[in-house]
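Numbering (my numbering), first residue to last: 1 to 245. A virtual CB, placed ideally from N, CA and C, is assigned to each residue, including glycine. This structure is a prediction, so every number in the text was calculated from the model and none was measured.
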């Protein structure tokens with residue numbers, strides 16, 4: 001299928017089912033965090049999934065390849081990113097399984113029916129608005145800093161949209177774990193599963209994968225650590241498997 005690429009855009013291989021994705025490296029490209037989340041999240045046969053802040057649609061596309069979820073919806077506020085996601089969905093002939101909606105995360109509860117999703121996923125901005133160096137490019141700024149939404153916005157909207165017993169999957173930074181857990185519990189999203197991601201076996205973790213259950217009881221399982229590199233430039237076997245190499 002022929003899909004128009006605009007200046008600076010490229011079509012990247014995803015190593016799954018022959019799928020590809022349109023990206024603009026001068027704006028923002030998906031990272032390992034999105035790929036790891038797509039491997040950590042679970043969508044069962046017939047389930048409906050919402051990805052909050054989908055960017056160019058990487059998580060719905062990968063989850064469509066990896067799971068038996070019935071339908072995936074990606075919500076994205078940035079017009080340009082949403083447009084790339086729509087074209088990627090069309091390129092991969094996934095229109096019947098994936099829908100892209102352009103809209104504000106903070107208005108998600110108005111865009112979709114209450115308790116209408118079995119699963120919600122999110123790879124949210126990690127940094128609060130005043131933390132660190134803010135990238136002047138708006139696409140990267142919105143992706144990395146809590147400019148258009150906060151952790152609390154995401155938890156609040158997720159709680160509205162998940163069915164009771166539904167699951168929320170998120171990737172974030174370990175330094176905000178205390179805040180993450182407090183915020184999730186505040187909105188009746190009980191953390192049930194957690195996995196820390198380490199760049200090397202002897203380094204501190206730099207990512208955390210979390211599963212929370214809407215209306216769940218208080219009990220969490222800490223899974224074995226996920227190590228990214230076994231040596232400089234060489235992924236561990238588990239990372240190769242998640243990527244599909």
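{"Item": "Bridge partners - residue 95, DSSP secondary structure assignment", "Value": "Residue 95 is not bridged to any residue."}
{"Item": "Segments assigned beta strand (DSSP E), at least 3 residues, entirely inside the region 135–208", "Value": "162–172, 189–198"}
{"Item": "Length of the line joining the Cα atoms of residue 114 and residue 72", "Value": "16 Å"}
{"Item": "Anticipated Cβ contact below 8 Å, residue 190 with residue 216, distance rounded", "Value": "4 Å"}
{"Item": "Complete runs of the alpha helix (DSSP H) confined to the region 24–59 [at least 4 residues]", "Value": "32–40"}
{"Item": "Inter-residue Cα distance where the pair is residue 243 and residue 14", "Value": "8 Å"}
{"Item": "Assumed close pair residue 88, residue 52 - CB separation to whole angstroms, cut-off 8 Å", "Value": "Incorrect: roughly 18 Å between the Cβ atoms, too far for contact."}
{"Item": "Coarse secondary structure for residue 213, derived from DSSP in three states", "Value": "strand"}
{"Item": "C-beta contact flag for residue 37 and residue 169 at 8 Å", "Value": "yes"}
{"Item": "Bounding residues of the beta strand (DSSP E) (the contiguous stretch that carries residue 110)", "Value": "Careful: residue 110 lies outside any beta strand (DSSP E), inside the alpha helix (DSSP H) at 108–111."}
{"Item": "Under the three-state DSSP convention, the category residue 122 falls into", "Value": "strand"}
{"Item": "Beta-carbon contacts of residue 245 that lie in its chain and below 7 Å, excluding the five residues immediately before and after", "Value": "15"}
{"Item": "Per-residue DSSP class, three states only, for residue 11", "Value": "strand"}
{"Item": "Cβ shell of residue 79 (< 8 Å), same chain only, five flanking positions each side left out", "Value": "102"}
{"Item": "Residue 120 beta carbon less than 8 Å from that of residue 209", "Value": "no"}
{"Item": "Residue 245: first and last residue of the uninterrupted beta strand (DSSP E) it sits in", "Value": "Here residue 245 belongs to no beta strand (DSSP E), and DSSP marks it neither H nor E."}
{"Item": "Residue 83, DSSP secondary structure in three states", "Value": "helix"}
{"Item": "Euclidean distance between Cα positions of residue 229 and residue 41", "Value": "21 Å"}
{"Item": "When 193, 197, 90 are compared against residue 175, the one with the closest alpha-carbon", "Value": "197"}
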